[in-house]
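> Would you mind keeping the following structure in view while I ask a few things?
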């Protein structure tokens with residue numbers, strides 16, 4: 589069973605696992621159409637309910653965003669931005685559902701040191717496997733979108749699973765199912781991209797010249813995509829990165845450093861081994877022992893004089 | 002500290018007990034840190050986390066061992082720092098390092114308690130431990146995750162990794178030197194070295210020690226080593 | 133899903149799982165074992181489904197309540213999940229942030245569970261029995277009605293009204309409850325009868 | 003709703019004004035986004051705040067709260083002036099051509115017949131001119147100066163775009179852009195839908211707000227058609243049902259009326275309900291009133307209601323005033339005239355205006371009974387909760403009973419949605435603890451009262467001891483039994499008078515449709531408009547057929563829609579005079595030469611010939627009313643009046659404060675504030691994260707919106723030195739609350755008549771019980787005044803002052 593199942597994975601953290609070439613699954617995707625979003629937080633609510641998560645009751649900080657950030661219990665969060673469009677003079681309330689983007693090239697998975705703690709299924713979902721999570725927080729550094737959160741209660745990393753449990757039985761993620769206005773839709777990645785085109789046509793007809801799809805190539809595309817009214821300025825949407833990619837520092841750390849470091853240490857050890865076998869022993873000779881006695885006597889005598 | 006004439010040999014006290022304890026605490030910490038660090042550093046070495054009861058334990062133990070290391074090394078540092086200031090002789094000695102590696106020390110200047118290589122090891126250890134500790138704080142997610150930006154933590158990781166590699170290299174040199182230069186290890190196990198070893202490697206130091214006086218510990222100085230009951 | 137597993141498969145799976153977790157306990161769990169545990173089991177696989185309507189606003193979204201238990205005698209059904217009814221023409225499975233959290237309404241800490249009574253001047257409620265509460269309320273009603281019932285007005289017209297007691301009806305009870313309430317309240321002659329249509 | 007949620011997908015233009023559908027009805031709002039995505043429909047939002055609905059609107063314009071009538075009368079003026087009227091529709095289906103009596107006038111903000119002392123009108127001049135045949139006089143050319151059309155034209159003349167901007171604060175260019183978008187829906191193939199809610203009702207002229215838009219819709223030909231209509235988005239899951247079943251002071255189920263003192267007997271009562279057609283051939287459906295009334299009385303008192311005792315007509319209480327609505331009742335309570343009060347799933351301590359008065363009133367009760375699944379503030383009004391409920395329990399002598407009830411998940415029965423769909427639901431678990439259904443509690447109270455009256459006698463026991471109680475277990479009536487009672491059943495077999503062997507109605511059977519109800523006592527029916535919901539074919543409310551032929555959004559076999567399973571009211575008006583659909587692409591029903599056929603149950607006799615019978619069959623005219631005769635207390639046309647608490651004077655009639663016909667009690671008039679002390683225009687509303695005062699008990703929702711706040715503009719915040727997220731103190735002439743400040747670009751100061759008006763938004767979801775943080779509600783501030791026609795409290799427009807604060811603990 590396990591052997592077959594392993595073919596359902598595309599990537600597994602901290603292993604040399606390579607996906608078998610023989611099987612290809614449908615890649616799934618969630619499309620979040622910001623232009624249809626009313627910021628009702630049904631997605632947040634459905635996420636908490638479905639995943640049996642409950643958050644502490646917070647406070648109001650003068651904005652609609654609640655909780656104020658993603659947490660180990662809040663895997664998705666509406667972020668509200670009030671923006672006055674300098675071109676039209678109109679106020680736009682840009683409301684973005686934040687959460688894991690399920691990158692095709694996931695930085696979290698790359699950074700993760702624990703084998704099997706982060707997996708990517710063939711359908712594109714990037715999932716955290718708590719059983720194997722060690723709570724090191726490396727995924728936090730690996731993620732270009734600042735998504736994973738480490739629980740202080742159990743020291744495990746948490747983020748949106750794209751409801752892998754629901755998707756595995758053929759259902760849409762809880763947020764997508766709940767979304768009252770259909771701002772969140774779910775399907776195969778191809779279908780979502782096709783559908784997104786119809787949305788762009790509609791948006792362009794309403795004057796949003798720069799409407800576009802957010803499926804950033806820097807991370808190999810994502811399995812959570814946005815339709816943005818102003819795709820040329822993703823940072824308007826509560827700081828959505830313009831061109832996200834795994835940090836160079838992380839690439840260096842998890843790439844060159846990892847190998848070079850191992851090589852250096854290995855080389856040093858090997859050098860020592862070779863040296864030990866070929867080099868002349870550095871040992872004290874009998875002559876030196878005798879010289880030492882003389883020297884000690886001399887110096888001791890000198891010491892007594894002084 | 003003293004030179005002692007024992008039954009069969011002459012020894013020189015090199016490290017008192019408190020230094021030896023410190024050294025070994027440091028050494029063990031370092032090894033544990035190296036193993037646990039390696040487990041977190043490279044996936045192929047993740048199996049090493051089993052020695053600590055799994056990845057989670059490794060994750061929380063590693064930084065605490067680092068704290069132990071820092072404490073013991075700090076004491077070690079205060080115990081040793083005065084012998085580790087650089088001298089002209091050290092420079093000259095370093096010029097002949099190739100001969101040392103080949104087991105020939107005839108053309109070297111007389112050296113005090115530590116030679117140039119040892120001093121370099123000392124200072125490299127000091128620097129890398131400081132760097133490791135600082136970068137370690139930055140990436141100690143459980144307590145300091147909120148105190149540093151993610152970008153700072155990313156740099157922390159790479160600095161920590163590089164410093165750890167550097168330190169491992171130093172440690173390898175240090176350990177290998179201990180084995181290669183025969184008669185060295187007893188300094189940290191028994192606290193003393195033979196007179197010949199001191200004469201060969203640290204003659205200046207030997208002179209100083211001898212000048213302090215020689216303790217004759219022989220019960221029957223003339224009869225030599227035949228006093229013990231037959232085994 | 134579970135239903136499709138034969139007993140033999142189940143045992144085999146259990147054995148493998150046990151061996152796997154034993155290895156995992158030693159810290160040597162391989163990637164395969166990681167996979168086996170990656171996808172969480174679908175939590176609704178064996179629950180009882182009941183159709184209902186969201187009690188909040190008047191969109192009247194269809195909901196499905198998933199409860200523990202198969203309705204056998206000793207299994208106390210408890211709702212463990214509520215989500216939108218995909219067949220419902222209006223909501224088509226969607227729910228708003230309130231509907232999506234109905235579970236916490238059903239299981240709210242601050243639901244009323246026992247009749248309570250607070251006497252004049254008292255600082256706290258105390259729990260009382262249903263019988264006692266209802267007897268007392270009926271007595272208070274009757275005494276007030278008997279004392280203040282207006283059978284005829286000043287002009288001698290039969291008016292049969294009772295103005296000293298009022299009744300505010302709910303906004304979320306069923307039509308059936310509403311009609312029973314209507315019958316009971318109107319039969320007493322109460323005119324101060326209102327509902328939540330305005331607020 | 004005249005139409006349904008799912009019908010909104012058929013529209014071309016959605017106007018959300020007086021509501022915030024995205025916020026309060028997100029799942030219904032989906033049909034707006036569908037119309038936008040599938041049909042390219044546009045969405046207009048007009049609101050004092052840039053709301054969640056505005057977030058996805060094509061066009062947003064601000065408006066000062068309480069000025070919607072000026073805005074919409076301006077729209078009417080624009081449509082008439084620019085000839086953007088669906089003339090055929092207006093002429094044929096509205097009373098535009100009807101002539102109004104001599105003597106009707108409107109001047110200085112008042113219609114003819116005003117009596118200042120009574121704050122009421124003598125409405126006799128607001129009537130049609132009748133001809134010698136008893137029918138209304140009509141001028142098909144619309145030229146007669148007393149034709150409704152000409153009177154309307156004259157009435158709206160004052161509402162120029164400049165005047166609208168002056169009153170509403172809506173910038174003229176935005177206003178005109180909206181006028182243009184709306185007016186385009188006068189085309190036969192374009193429809194607009196109006197979605198409104200309490201943003202229109204909770205004003206002292208709430209009913210007129212709605213009327214004004216209804217008039218717009220009639221002029222555009224948008225009533226009765228797919229994608230059109232006046233769509234009231236009801237706030238509660240079954241408030242439609244509770245209103246249908248008449249749980250109001252003055253109602254009998256099915257919108258029949260509780261008798262008044264002057265209706266001394268049944269024949270007098272019926273005499274004013276003759277509803278003779280006002281135009282030839284009209285159905286004037288209320289001609290069947292007596293059938294519905296007698297059937298209702300039979301269901302109330304069963305065998306005790308006989309022809310001899312006028313079917314127990316006298317057992318109904320009679321009203322000496324318009325109605326004992328909640329506000330009047332609390333006012334009486336405040337005067338010490340009420341002793342006992344029941345709150346069934348209702349939390350007036352937070353829902354009713356002027357909380358201080360509510361607390362004082364409840365404290366004067368002898369007993370209060372609260373039935374609720376949640377621990378409400380009302381049942382704890384006597385409890386000292388510090389600043390959040392500052393009372394002295396020792397001084398409150400009220401006995402309080404808190405009775406635990408089931409919630410939806412443990413209850414079975416039907417609810418009526420805004421679409422008028424009656425949908426059945428089933429329980430999924432047992433009630434917690436000792437909680438019981440409301441039905442059981444009501445039955446228990448009745449059984450006990452009946453027993454006491456049987457044993458002890460007392461004041462007029464007849465209606466109690468004879469209450470028809472035919473349930474299998476009288477202690478615990480079951481939903482199916484009551485549902486069948488509501489539908490109606492045959493009490494005694496009825497045969498065809500022509501052929502005694504032909505049984506028309508068989509005793510004990512469920513009645514199939516209200517057309518079969520009888521006025522001789524042979525049928526009983528709890529609520530005639532629900533007839534058809536549980537017939538001999540079974541429970542029609544439990545139907546789950548999702549088919550939708552023609553993709554109209556009607557879903558005719560899903561559940562049951564009152565009346566008669568009709569999905570769109572007045573659907574006869576979707577076709578032209580000859581019965582052809584105005585827009586063939588949007589066909590609903592059509593005349594096939596012999597009968598009406600199509601996708602919906604025709605809202606007219608199926609064989610009623612077009613041109614003979616008008617589409618508005620409930621009106622004796624057969625047509626819709628642009629001029630509402632005497633049926634509205636405050637005028638046959640809407641007119642702009644300021645809220646009772648307004649930052650500006652009424653520029654059209656400076657002497658008039660508020661709606662001149664709205665009822666306001668003496669003490670409450672004195673408690674009104676003025677703009678010198680309370681300069682800011684406040685409004686109250688719901689947030690999407692919460693439902694009233696329920697979801698603060700719900701952990702997840704408490705997380706999503708944890709704490710009470712008010713919303714103010716950046717300009718006001720700067721002016722008053724208020725920090726985003728800081729505490730503010732908000733006060734009116736009636737009370738003070740403390741709240742966090744949400745400082746937002748979504749509220750902008752408005753310029754009205756040259757004056758800068760700051761809007762303060764106050765959401766309503768917090769109290770002192772539940773999982774969310776303790777807080778206050780707007781009802782601590784709001785005035786105790788209601789709409790002239792419905793007594794709905796003026797929650798949407800009042801005056802406050804706002805100051806920075808250190809929060810409730812230290813201030």
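Chains as they are written, first to last, in the working numbering: chain A, 589 to 894; chain B, 2 to 232; chain C, 133 to 331; chain D, 3 to 813.
Where a beta carbon is used, it is the ideal one built from N, C-alpha and C, also for glycine.
Every value quoted in this text rests on a predicted model; they were computed, and no experiment measured them.
Please confirm if residue 174/C has its CB atom under 7 Å from at least one CB of chain A.
Within the third chain, the letter at position 42 stands for residue 174/C. True, the Cβ-Cβ gap to chain A drops below 7 Å.
> If the cut is a Cβ gap below 7 Å, which residues of chain D does residue 683/A touch?
Within the first chain, the letter at position 95 stands for residue 683/A. Going along chain D in sequence order, the residues near residue 683/A (Cβ under 7 Å) are 57.
> Could you tell me if residue 462/D is buried or exposed, where buried requires 16 or more neighbouring beta carbons within 10 angstroms of its beta carbon?
Within the fourth chain, the letter at position 460 stands for residue 462/D. Answer is buried; the Cβ neighbour count reaches 16.
> Could you list which residues in chain A have their beta carbon closer than 7 Å to that of residue 225/C, in chain order?
Within the third chain, numbered from 1, the residue matching residue 225/C stands at position 93. Per Cβ cutoff of 7 Å: 765.
> Is DSSP giving residue 532/D helix, strand or coil here?
For the purposes of this step, residue 532/D is taken as the residue at position 530 of the fourth chain. Three-state DSSP puts residue 532/D in a helix.
> Identify the residues that DSSP records as bridge partners of residue 213/C: which are they?
As a first step, residue 213/C must be located in the third chain, where it is residue number 81. Paired residue(s): 198/C.
> Is there a Cβ from chain A that is less than 7 Å from the Cβ of residue 17/B?
Mapped onto the second chain, residue 17/B falls at position 16. No, because no Cβ of chain A sits closer than 7 Å to the Cβ of residue 17/B.
> How many whole angstroms separate the CB atoms of residue 251/D and residue 304/C, which I take to be in contact at a CB cut-off of 8 Å?
In the fourth chain, the residue the question calls residue 251/D occupies position 249. In the third chain, the residue the question calls residue 304/C occupies position 172. 20 Å between Cβ atoms; not a contact.
> Which chain C residues sit within Cβ distance under 8 Å of residue 398/D?
Residue numbering aside, residue 398/D sits at position 396 when the fourth chain is read from its first letter. What residue 398/D touches in chain C: 252 and 253.
> Where in the stretch 661 to 712 of chain A do unbroken runs of the beta strand (DSSP E), each at least 3 residues long, occur, reported from the N-terminal end onward?
Correct list: 664 to 672, 679 to 687 and 706 to 709.
> Considering only residues of the same chain and omitting the five flanking positions on each side of residue 885/A, which have a CB-CB separation below 6 Å?
To locate residue 885/A, count along the first chain from 1; it is residue 297. Within the same chain, residue 885/A has no close Cβ partners at all.
> Cβ of residue 218/C less than 7 Å from any chain F Cβ?
Protein chains A, B, C and D are contained in the structure displayed, whereas chain F is not.
> Cβ closer than 8 Å: which chain C residues qualify as neighbours of residue 316/D?
What you label residue 316/D is simply residue 314 of the fourth chain in a count that begins at 1. Here the neighbours are 290 and 292.
> Please compile the residues from chain A whose C-beta is within a distance smaller than 8 Å of the C-beta of residue 333/C.
Residue numbering for chain C in the displayed model covers 133 to 331; residue 333/C lies beyond these limits and cannot be assessed.
> For residue 755/A and residue 853/A, which I take to be in contact (beta-carbon distance under 8 Å), what is that distance rounded to the nearest angstrom?
Working through the first chain from its first residue, we reach residue 755/A at position 167. Working through the first chain from its first residue, we reach residue 853/A at position 265. Between residue 853/A and residue 755/A the Cβ distance is about 43 Å, and since that is not below 8 Å, they are no contact.
> Could you compute how far the alpha carbon of residue 133/C sits from the alpha carbon of residue 177/C?
The count along the third chain starts at 1 and reaches residue 133/C at position 1. The count along the third chain starts at 1 and reaches residue 177/C at position 45. Only weak support exists for where residue 133/C lies, its pLDDT of 33 falling under 50; the coordinates are left without a value.
> State the beta-bridge partners of residue 61/D as determined by DSSP.
As a position in the fourth chain, residue 61/D is number 59, starting the count at 1. According to DSSP, which records beta bridges pairwise, residue 61/D is partnered with 46/D.
> Would you say the beta carbon of residue 190/B is closer than 6 Å to some non-hydrogen atom of the ligand FAD?
This structure does not include the ligand FAD; it has no bound ligands of any sort.
> Does residue 616/A come within less than 7 Å of chain C when only Cβ atoms are used?
Translated into positions along the first chain, residue 616/A becomes position 28. Closer than 7 Å: no.
> Unbroken alpha helix (DSSP H) runs of length 4 or more, entirely within the stretch 163 to 215 of chain D: which are they?
Here the runs fully enclosed are 163 to 170, 174 to 185 and 200 to 203.
> Closest Cβ-Cβ distance between residue 592/D and chain A: below 7 Å?
What you label residue 592/D is simply residue 590 of the fourth chain in a count that begins at 1. By this cut-off, residue 592/D is not an interface position.
> Only counting runs of 4 or more residues, tell me where the alpha helix (DSSP H) segments fall wholly within the stretch 772 to 801 of chain A, in order along the chain.
Within the stretch 772 to 801 of chain A, the complete alpha helix (DSSP H) runs of at least 4 residues are 777 to 793.
> For residue 556/D, which residues from the same chain have a beta carbon less than 7 Å from its beta carbon, with the 5 sequence-adjacent residues on both sides left out?
As a position in the fourth chain, residue 556/D is number 554, starting the count at 1. The residues are 550, 569, 601 and 602.
> Strictly below 9 Å CB to CB, what residues from chain A border residue 195/B?
Along the second chain, one-based indexing puts residue 195/B at 194. Within chain A, the residues near residue 195/B are 872, 877 and 880.
> Residues in the same chain with beta-carbon distance under 7 Å from residue 217/D, minus the five sequence neighbours each way, listed in chain order, please.
Walking along the fourth chain from the start, residue 217/D turns up at place 215. Closer than 7 Å at Cβ, skipping near neighbours: 78 and 628.
> Only counting runs of 3 or more residues, tell me where the beta strand (DSSP E) segments fall wholly within the stretch 667 to 706 of chain D, in order along the chain.
682 to 687, all fully within the stretch 667 to 706 of chain D.
> Can you name the residues of chain A whose CB is closer than 7 Å to the CB of residue 29/D?
Counting from one through the fourth chain, the residue named residue 29/D turns up at place 27. Result: 768.
> Using a beta-carbon distance below 7 Å, is residue 198/B in contact with chain A?
Here the question's residue 198/B lines up with position 197 in the second chain. Judged by the 7 Å Cβ criterion, residue 198/B is in contact with chain A.
> Can you tell me whether residue 45/B is helix, strand or coil according to DSSP?
Taking the first residue of the second chain as 1, we reach residue 45/B at position 44. DSSP places residue 45/B in helix when its eight states are reduced to three.
> If the criterion is Cβ atoms closer than 7 Å, does the pair residue 673/D and residue 761/D meet it?
Residue numbering aside, residue 673/D sits at position 671 when the fourth chain is read from its first letter. Residue numbering aside, residue 761/D sits at position 759 when the fourth chain is read from its first letter. Not a contact, by the Cβ cut-off of 7 Å.
> Have a look at residue 147/D and residue 166/D and give me their C-alpha separation to the nearest angstrom.
Translated into positions along the fourth chain, residue 147/D becomes position 145. Translated into positions along the fourth chain, residue 166/D becomes position 164. Answer to the nearest angstrom: the Cα atoms are 25 Å apart.
> Specify, as a first and last residue, the run of the beta strand (DSSP E) that residue 346/D falls within.
Counting from 1 along the fourth chain, the entry for residue 346/D is found at position 344. Residues 342 to 346.
> Looking only at C-alpha atoms, which of 319/C, 321/C, 313/C and 320/C sits nearest to residue 327/C?
Here residue 327/C corresponds to residue number 195 of the third chain, with the count starting at 1. For the residues 319/C, 321/C, 313/C and 320/C, the minimum Cα distance to residue 327/C belongs to 313/C.
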